[in-house]
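Be aware that the sequence shown starts at 611, since it is given in our numbering, and climbs by one per residue. Have a look at the structure below, then the notes.
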Amino acid sequence: MTVKATDTSFEQEVLKSDTPVLVDFWAEWCGPCRMIGPSLEDIAKEMDGKLKVVKVNIDENPTTPSRYNVRSIPTLLLFKNGQVAATKIGAEPKQKLVSWINTVVS
């Protein structure tokens, strides 16, 4: 299951996480964001315990996206040990997302 993070909870949910974290910066009005949503839910279930998937709504939480220079959405940031380990901008099929995640997580 994906976790919703806010500007307030981002540090606890992402930066202090013991496992790698995939952060999805998204918005309700973003069609490609809604397209990858189900894939991210699947990935969260399939990689439970190895990867945490966190969603940040950029309209409700403007501080965190600007801190990480998020300019377009969807933007996916993969955090490992509190640091950005990889970035992907735009929607991708689930299998491509999984391959990308595995280059960092495994």
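Glycine is no exception: its CB is placed at the ideal position from the N, C-alpha and C atoms.
Across the structure, Val-714 and Lys-662 are spaced so that their CA atoms are roughly 13 Å apart. Assigned with DSSP and collapsed to three states, Trp-636 falls in strand. Under DSSP, Ile-699 forms a beta bridge with Thr-685. The shortest C-alpha to C-alpha distance from Gly-692 to any of Asp-628, Gly-659, Thr-618 and Ser-619 is the one to Asp-628.
Taking a C-beta distance under 7 Å as the contact criterion, Asp-634 and Thr-673 do not qualify as a contact pair. The shortest C-alpha to C-alpha distance from Met-645 to any of Leu-687, Glu-702 and Leu-686 is the one to Glu-702.
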